[in-house]
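Beneath this line is the structure, given in structure tokens, with notes to follow.
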Amino acid sequence: MAMALSGADRAAVRALWRKLGGNVGIYATEALERTFCSFPATKTYFPHFDLSPGSAQVKAHGQKVADALTTAVAHLDDLPGALSALGALHAHSLRVDPAHFQLLSHCLLVTLARHYPGDLAPAMHASLHKFLSHVTSALASRYG
Numbered sequence: 431m432a433m434a435l436s437g438a439d440r441a442a443v444r445a446l447w448r449k450l451g452g453n454v455g456i457y458a459t460e461a462l463e464r465t466f467c468s469f470p471a472t473k474t475y476f477p478h479f480d481l482s483p484g485s486a487q488v489k490a491h492g493q494k495v496a497d498a499l500t501t502a503v504a505h506l507d508d509l510p511g512a513l514s515a516l517g518a519l520h521a522h523s524l525r526v527d528p529a530h531f532q533l534l535s536h537c538l539l540v541t542l543a544r545h546y547p548g549d550l551a552p553a554m555h556a557s558l559h560k561f562l563s564h565v566t567s568a569l570a571s572r573y574g
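Counted from 1, the sequence shown has number 530 at position 100 by this note's numbering; the numbering is strictly sequential.
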């Protein structure tokens with residue numbers, strides 16, 4: 431299990447999310463593209479998608495990822511409940527390897543560090559990493 435999110439972690443993640451504003455979908459899309467490029471095995475879940483950078487399908491899925499993360503930020507006290515249906519979808523219908531959530535999380539950290547280098551100081555990086563680890567754990571809790 432990931433380390434608990436402290437009050438400072440929660441505040442940091444919420445503050446960063448406010449700063450990202452309407453750009454979360456852009457960054458989630460870039461993180462997806464980075465994931466597909468860096469970890470080609472992740473492409474196997476999208477055989478029907480045009481996975482070229484900038485494709486409408488990747489952008490649409492990036493927005494879905496962004497919306498799920500925004501929901502998670504709004505429900506930091508109950509991530510398993512907030513992400514239950516999404517976890518079940520990925521576990522039972524889509525059968526996504528939960529390790530791929532970690533790969534996407536890593537690529538999202540890289541993407542945000544690239545766009546917000548001044549904001550991703552070590553403490554913020556640690557808070558965001560913990561948050562994404564909790565999201566991954568909440569999604570993976572529906573497996574089994």
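Ideal placement from N, C-alpha and C gives every residue a C-beta, glycine not left out. Model, not experiment: these values are computed from the prediction.
May I ask you to report which of helix, strand or coil DSSP gives residue i?
i      : result
MET431 : Reliability of the predicted coordinates at MET431 is poor, the pLDDT of 49 falling under 50, and the value obtained from them is presented with this limitation in mind. Correct three-state label for MET431: coil.
HIS505 : coil
ARG464 : helix
ARG572 : coil
PHE479 : coil
SER388 : Past the boundaries of the shown model lies residue 388; the chain is included only from 431 to 574, so the question cannot be answered.
GLY484 : coil
PRO510 : helix
ALA551 : coil
TYR546 : coil
LEU524 : coil
ILE535 : Note on identity: in this sequence residue 535 is Ser, with Ile being the wrong assignment. The answer is helix: DSSP assigns SER535 an H, G or I state.
SER557 : helix
Looking at residue j and residue i, is the spacing between their C-beta atoms short of 8 Å?
i      : j      : result
ALA461 : LEU534 : yes
VAL540 : ARG464 : yes
My understanding is that residue i touches residue j, with C-beta atoms under 8 Å, so please give their C-beta distance in whole angstroms.
i      : j      : result
THR501 : ALA512 : 6 Å
ALA458 : VAL495 : 4 Å
HIS530 : THR472 : 5 Å
LEU509 : ALA568 : 4 Å
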